[in-house]
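Accompanying notes for the structure given below.
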Amino acid sequence: MTKTREIHLVRRPSGMPVLADFSVADANAPETGEGEIKVQTLIMSVDPYMRPRLNADQPLNAPLLGGGIGRVIESRNPKFAEGQLVRQGVGFREVHVSDGKGMSILNRDPDLPLSVYMHALGGTGITAYGGLLDIGKLKDGEQVVVSTAGGAVGSVVAQIAKIKGCHVVGLTGTDDKVAWLREEAGLDAVINYKTQNLAEALQAAAPKGIDVYFENVGGAQLDAALPLMNVHGRVPVCGMISTYNGGGEGVRNLFNLIYKRVRMEGFVATDFAHLNGAFMSDMTGWLKSGQIKYQETVLDGFERAPEGLIGLFEGRNHGKMLIHVAD
Ligand SMILES: NC(=O)c1ccc[n+]([C@@H]2O[C@H](COP(=O)([O-])OP(=O)(O)OC[C@H]3O[C@@H](n4cnc5c(N)ncnc54)[C@H](OP(=O)(O)O)[C@@H]3O)[C@@H](O)[C@H]2O)c1
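Numbering-wise, the sequence shown is residues 7 to 333 according to this note's numbering.
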């Protein structure tokens, strides 16, 4: 047996989660049986979608459901070799033994850091790519507004839209994220929704209206975007983070969908499996050419996963929030 640790949910949060809602539990990984592999977790991803699951779907006193990258350290399964990297959705466990179901071998490009497979070349990247191009039906040169533009999904959406020759406005919550989006990511305008009058600033930043509003927040940001939508505009609904801790403001401007003939459509990342080949090829090229830049906030230590998850709702991440567990 191998000593390991797991992140558990020990009580359901009320509103914003707090550290006491979680625990770091000692556990033992069993011996690796016939047909099984033992995997050491290297990087874990904390994501906003995990918060609504804490209300009901996430079992108490069991590993927090979440994804990451691991390395096979023992293999008695012919499909996996020792030393191989795997993408895993096995919950937050430092070391675990599995039959390999639901795990996929990660063939890494040696010229790119491993961590990009947890964002731009991973779940948040394909969410951005499919949400903008497939659901949003983006056309070259359109007028685009992106919420949570300083985060993992939003920063990629905004830069893909720039690659497609669009006028891109980002919404974010701190001045240093505003500066990065303007100076590094090359957005046309960026609004700090916490310090600026959102409706006025958005109208000034999008003088030709909005063809695509990429929705990550809901509430006040959706309300500010709706009156500016152009005829036949699209609102790909990726997320509504302002509602995940409960509460949040109601939306009053949905009537703008009618005469503007706006299409609003939700989606989940797994809808885009058919785009995976094009996505990996495009995104790898854009990362290598520097057309897509990224930021990461990496917390060092397995036990810091709850802090990372909570931090997403406090806007503490620049780009993707990751937990570094081992090299
Ligand atoms: N549909 C899918 O399959 C899918 C997949 C991945 C993600 N998503 C959604 O995409 C959105 C972004 O996810 P992500 O992984 O890229 O996270 P992220 O943007 O990297 O991190 C979350 C960011 O949201 C902002 N935020 C937090 N609370 C907020 C609030 N109450 N109002 C406005 N902004 C708030 C913060 O940035 P500021 O400093 O700018 O406030 C924070 O840094 C989320 O809504 C998520 O649920 C959907």
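The beta-carbon is built from N, C-alpha and C at its ideal position, and this holds for glycine as well.
- Under the three-state reduction of DSSP, Thr10 is assigned to strand.
- Secondary structure note for Arg77: its beta strand (DSSP E) is the uninterrupted segment Gly73 to Ser81.
- The residue among Thr154, Ser121, Pro23 and Val257 with its C-alpha nearest the C-alpha of Val304 is Ser121.
- As DSSP reads the structure, Met327 sits in a beta bridge with Thr303.
- By the 16-neighbour rule on beta-carbons within 10 angstroms, Ile75 is buried.
- A contact is defined here as three or more CB-CB pairs under 8 Å, and the stretch 232 to 243 meets this definition with respect to the stretch 133 to 147.
- When distances are taken from the beta-carbon of Ser121 to the heavy atoms of ligand 1, even the shortest one reaches 8 Å or more.
- Spanning the alpha carbons of Arg82 and Glu42 requires a straight line of approximately 5 Å.
- Spanning the alpha carbons of Leu318 and Ser153 requires a straight line of approximately 14 Å.
- The nearest non-hydrogen atom of ligand 1 is less than 8 Å from the C-beta of Met246.
- Between the stretch 318 to 333 and the stretch 43 to 59 there are three or more C-beta pairs closer than 8 Å, enough to call the two in contact.
- At a cut-off of 8 Å, the beta-carbon of Ser153 counts as near ligand 1: some heavy atom of the ligand is closer than that.
- DSSP places Ser295 in the uninterrupted alpha helix (DSSP H) bounded by Asn282 to Ser295.
- According to the DSSP assignment, Leu318 belongs to the alpha helix (DSSP H) that extends over Ala311 to Leu318.
- Looking at Ala332, Pro84, Leu328 and Ile166, the one whose alpha-carbon comes closest to that of Pro312 is Leu328.
- Val101 has its alpha-carbon roughly 14 Å from the corresponding atom of Arg93.
- Taking 9 Å as the cut-off, the beta carbon of Thr178 is found closer than this to the beta carbon of Gly157.
- Take Ala212, set aside five residues on each side of it, and the residues of its chain with a beta-carbon closer than 7 Å to its own are Gln149, Val151, Val175 and Leu234, in chain order.
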